[in-house]
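J.:
Numbering (the numbering used here), first residue to last: 122 to 439.
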């Protein structure tokens, strides 16, 4: 949330510094989830983003339909048409496009085609609009690449990271900005980025992040993620044949079983605890994002538990 908040403020101040203060709206995707602070809530899906209570107090932004092209499918013109139309129609008011690259997380654990991301980058360049990539969930190897943007071979103007930044040991997020953005803000008034909450830059959390990144670079993290991906693909495959299952998808160290109907948490959650694994389903999704140090036997156990719990609590009642 905080990283996204900063990215939004950086985008707004960048355009103010360039003498275009009218550019203060954003373009986001349906199904998006970017956090719980006010700026972040405003770019979450207004229907599924869980923030309806605050809708009347949030800044109104534009939303384009999310891409329907799956990760391993080509992207067609229809997938980007809505976003392109909004971007071209409101380019003088839009500060940035914000999206979760390749993987939409809490909005549905949807994996979309890298070509869509490439097309969005091209459209942003064409319309002179910034691109914010929210990699808080995907950054540092989760999808099989260090950053999900690498699947498309693109670089955003602003990059939001967190979660794996410290390996989960302490809370810390970061927002990375291009040199052009930093230089423009430095040249404009008041010459500095207007942001400085009390708890920013916690030294202990920063030390943990440094140590975590050292481990990530010194250990075979990419190979471990590839091994997890293979284990989840094999282990979750039987779920495709279960009644009530709509889809099974795996990318990097992310495994998802999508159901036709929402799970009954009062039944499913205790069943996973009894199976000896901690899984937190939400809505119609049963998913896992194991730590990179998970061994093959542990991945197999997680996948087996997911299949068995779905079979006993969902399929038999479907």
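All C-beta atoms in this analysis are idealised placements derived from N, C-alpha and C, irrespective of residue type, glycine included. Computed from a predicted model, the values in this text were never measured in an experiment.
Thinking C-alpha only, which one of 285, 264 and 276 is nearest residue 243?
T.: The residue with the shortest Cα to Cα distance from residue 243 is 276.
J.: Out of 239, 288 and 308, point me to the one whose CA is closest to residue 342's CA.
T.: When each option's Cα is compared against that of residue 342, the closest is 288.
J.: Please confirm if the region 217-231 is in contact with the region 245-261, defined as three or more CB-CB distances below 8 angstroms between the two stretches.
T.: Touching, yes.
J.: Residue 263 and residue 375 - do their beta-carbons sit closer together than 9 angstroms?
T.: Against a cut-off of 9 angstroms, the Cβ pair of residue 263 and residue 375 comes out as a contact.
J.: Within 10 Å of its beta-carbon, does residue 399 have 16 or more other beta-carbons around it, so buried, or fewer, so exposed?
T.: Per the 10 Å Cβ criterion, exposed.
J.: Residue 380: buried (16+ other C-beta within 10 angstroms of its C-beta) or exposed?
T.: Residue 380 is buried by the Cβ-count criterion.
J.: From the DSSP output, in three-state form, read off residue 199 for me.
T.: Of the three classes helix, strand and coil, the one that applies to residue 199 here is helix, per DSSP.
J.: Does the region 387-395 come into contact with the region 421-430, if we say contact requires no fewer than three beta-carbon pairs (one atom in each stretch) closer than 8 angstroms?
T.: Cβ pair count under 8 angstroms is three or more, so yes.
J.: By a C-beta neighbour count over all protein chains shown, 10 Å radius and 16 as the cutoff for buried, is residue 180 buried or exposed?
T.: Exposed, since its Cβ has fewer than 16 Cβ neighbours within 10 Å.
J.: Report the option in 323, 240 and 257 whose CA atom is closest to the CA atom of residue 204.
T.: The shortest Cα separation from residue 204 among 323, 240 and 257 belongs to 240.
J.: Suppose you measure from the CA of residue 299 to the CA of residue 128; what does that come to, to the nearest Å?
T.: Whole-angstrom Cα-Cα distance: 11 angstroms.
J.: If I follow the unbroken alpha helix (DSSP H) through residue 291, where does it start and stop?
T.: Premise fails: residue 291 is in no alpha helix (DSSP H) and is neither H nor E.
J.: Between which residues of its own chain and residue 194 is the CB-CB distance below 6 angstroms, once the five residues before and five after are set aside?
T.: If we look at residue 194 and ignore the five residues flanking it on each side, its Cβ neighbours are 234.
J.: Could you check what DSSP says for residue 325 in three-state terms: helix, strand or coil?
T.: Helix.
J.: Could you tell me how far apart the beta carbons of residue 415 and residue 308 are, in whole angstroms, since I believe they sit closer than 8 angstroms?
T.: Contact doesn't hold; Cβ gap of about 48 angstroms is too wide.
J.: Give the single residue among 136, 151 and 150 whose Cα lies nearest to the Cα of residue 144.
T.: The candidate whose alpha carbon is nearest that of residue 144 is 136.
J.: Compare the C-beta of residue 371 with all C-beta atoms of chain D and state if any pair is closer than 9 angstroms.
T.: Within the model displayed, chain D is absent; a lone protein chain is all it includes.
J.: What span of residues does the alpha helix (DSSP H) with residue 237 cover, start to end?
T.: Looking at the DSSP string, the run of the alpha helix (DSSP H) that includes residue 237 is 235-248.
J.: Taking the alpha helix (DSSP H) that residue 125 falls in, what are its first and last residues?
T.: Its alpha helix (DSSP H) spans residues 123-138.
J.: Does DSSP put residue 434 in a helix, in a strand, or in coil?
T.: The answer is helix: DSSP assigns residue 434 an H, G or I state.
J.: Assign residue 218 to one of three DSSP states: helix, strand, or coil.
T.: Note: residue 218 maps to strand in three-state DSSP.
J.: How would you call residue 150, buried or exposed, if buried means at least 16 neighbouring beta carbons within 10 angstroms?
T.: It counts as buried.
J.: Since residue 238 and residue 185 should fall inside the 8 angstroms C-beta cutoff, what is the C-beta to C-beta distance between them, to a whole number of angstroms?
T.: The Cβ separation is near 13 angstroms, so there is no contact.
J.: For residue 366, name the three-state secondary structure that DSSP assigns.
T.: It is a strand residue.
J.: DSSP three-state label for residue 146, please.
T.: Strand, per DSSP.
J.: For residue 390, list the residues DSSP reports as bridge partners.
T.: Residue 390 is not bridged to any residue.
J.: Let me check understanding here. Comparing Cα to Cα, which of 189, 387 and 286 lies closest to residue 331?
T.: Closest option to residue 331, Cα to Cα, is 286.
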